[in-house]
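Report on the structure given below.
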Amino acid sequence: MTAEARSALHPASGDAAEVAAHRRHVRAYGDTTGDGMVQLSFTLPIAHDARAEGAAALFAKKMGLDPAMVVHAKGMGPDFTFFVVYGRSSVVVDLAEVVVAKREYPARSAKEVNLAIRSGLKRKLVVLGACIGTDAHTVGIDAILNVKGFAGEKGLEYYREIRVVNLGAQVLVPELVERARRERADAVLVSQVVTQRDAHLHNTRELSVAFATEWPDPANRPLMVVGGPRFDPAMAAGLGVDRIFGKGTTPGEVASYLVHAIVSSPVAAAPRRPAPA
Ligand code: B12
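Mapping the sequence shown onto my numbering, position 109 (from 1) lands on 110, and the numbers just tick up by one.
Written out as structure tokens, the structure is:
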């Protein structure tokens, strides 16, 4: 692109450094660049009437939207109303302040994963998967484990050097512990999709406490990997598990992590295999 064309696109800044600086600070885009317009949806525990719409506008205004326009309101039963509000936010984000978690292990192809397991572990890597608690959302864990996979990647069942045992939905933690021991699992993969009343956090803590009790030496217990759309990967240490994967995770990312944590790392030399009782 010529300098003329660039300055036509960014009239305020002809040179590249200025363009970059200009793009460092971003605001929401609605009708015109940088106008700050956003759309917000929420529910209030009141019946749908004029006062409810006023309450929604005030609520959005108190959240910093000015102006705040209620563009949609729909009663949900006698006591609740769902709203969509369109309004201007003055918030500006400095891209230099954004922190992005970097993957600390290399992405490997299925062939490389198989090779690393065969040469490093000299046996199949055993993975046990389940949805714990009352959670019956199995699509996520199946996307990672089932051979058909997710987002164009085959699931872990496709990997010749990985043995997958998928326990499915609503598995109780004591049952998972017992099965992990019986299967001599190297890694236990747990899915939590329902987050009502922080069920996903309570269940994950129950899991980590049960595993720590069963295998007091962390080098001997199976790797604990948890995933689900509303987890933040930064929560792993706080919840007492080895790794958390969030929305959009692909099987290849998980396979690469398992090799990193079980086969390639120094701890991998330790016998991370719970012996059957
Ligand atoms: C399909 C579905 C169902 C199906 C589940 C069928 C099945 N066999 O899984 C059925 C109809 C049974 C169902 C039931 C319910 N559901 Co539902 N369901 C959904 C829906 C529409 C899609 C979920 C899904 O399949 N996503 C696709 C997969 C591929 O994505 P994913 O789960 O995020 O998984 C990816 C990542 O998160 C990650 N991942 C996930 N797990 C793991 C694990 C590991 C180890 C790793 C590494 C990665 C990983 O990798 C995956 C691939 O990238 C969502 C809404 C939505 N659009 O998300 C609601 C939703 C999850 N359900 C919801 C609710 C409330 C329920 C019910 C309580 C409804 C009711 N009142 O009965 C029940 C609960 C049943 C139960 N006991 O759990 C709510 C949950 C709200 C909340 N805050 O918790 C949602 C968000 C809908 C909503 N907006 O209200 N549901």
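C-beta: ideal position from N, C-alpha, C; glycine also.
Residue environment, residue i, which counts as buried when at least 16 other CB atoms sit within 10 Å
i, result
"M70", "exposed"
"V225", "It is Met, not Val, that sits at residue 225 in the sequence shown. Buried."
"G169", "exposed"
"G130", "buried"
"R109", "buried"
"A80", "Correcting the residue identity first, residue 80 is Asp in this sequence and not Ala. Exposed, by the Cβ-count rule."
"A262", "buried"
"G15", "With a pLDDT of only 45 at G15, under the threshold of 50, the placement of this residue in the model should not be trusted; the figure read from the coordinates follows. By the 10 Å Cβ count, G15 comes out exposed."
"V92", "exposed"
"T251", "buried"
"G65", "exposed"
"L126", "buried"
"H49", "buried"
"T139", "buried"
"A220", "exposed"
"A181", "buried"
"V148", "exposed"
Alpha-carbon to alpha-carbon, residue j and residue i
i, j, result
"I47", "D199", "24 Å"
"A152", "G239", "30 Å"
"R24", "L116", "44 Å"
"M196", "T205", "A small correction: the amino acid at residue 196 is Thr; Met does not occupy that position in the sequence shown. Near 11 Å, if we compare the C-alpha coordinates of T205 and T196."
"G121", "E179", "27 Å"
"L190", "V260", "14 Å"
"D67", "A237", "38 Å"
"G31", "M77", "28 Å"
"G228", "I142", "8 Å"
"V72", "T34", "21 Å"
"A233", "H203", "Looking at the sequence shown, residue 233 is not Ala but Asp. C-alpha separation (whole angstroms): 15 Å."
"S192", "A102", "21 Å"
"S257", "V99", "26 Å"
"R167", "G150", "Reading off the sequence, residue 167 comes out as Asn, not Arg. Between N167 and G150, the C-alpha separation is close to 14 Å."
"L59", "S90", "14 Å"
"A144", "A51", "45 Å"
"I133", "E113", "31 Å"
"R124", "E162", "7 Å"
"K62", "A188", "48 Å"
"R119", "A111", "12 Å"
"R183", "P107", "31 Å"
Own chain, CB closer than 6 Å to residue i, minus 5 neighbours either side, in chain order
i, result
"G241", "S209"
"P1", "In the structure as shown, the chain begins at 2 and stops at 278. Residue 1 is therefore absent and cannot be evaluated."
"V165", "V128, L146, L157 and E158"
"K75", "F83"
"V85", "S42, V72 and H73"
"E207", "V174"
"Q40", "Y87"
"V27", "V94"
"I245", "V227, F232, P234, M236 and A237"
"A53", "I47 and T82"
Cβ shell of residue i (< 8 Å), same chain only, five flanking positions each side left out
i, result
"T135", "Q171, V195 and A200"
"A97", "R25"
"E154", "T251, P252 and G253"
"D36", "R28, A29, Y30 and R89"
7 Å CB neighbourhood of residue i in its chain, flanking five on each side removed
i, result
"D243", "L224, M225, V226, A237 and A262"
**Entirely enclosed beta strand (DSSP E) segments - the stretch 117-157, minimum 3 residues** = Segments of the beta strand (DSSP E) lying fully in the stretch 117-157: 126-132.
**Message:** In chain order, what are the residue ranges of uninterrupted beta strand (DSSP E) at least 3 long that sit wholly in the stretch 164-192?
**Reply:** The DSSP assignment places 188-192 as complete runs of the beta strand (DSSP E) inside the stretch 164-192, in order along the chain (cut-off: 3 residues).
**Request:** Any chance you could list the alpha helix (DSSP H) runs of at least 4 consecutive residues sitting entirely within the stretch 28-63, in chain order?
**Result:** You should have 51-63.
**Request:** Could you tell me which uninterrupted alpha helix (DSSP H) segments, each at least 4 residues in length, are contained entirely in the stretch 197-247, listed from first to last along the chain?
**Result:** Counting whole runs of 4 or more residues, the stretch 197-247 contains the alpha helix (DSSP H) stretches 200-215 and 237-240.
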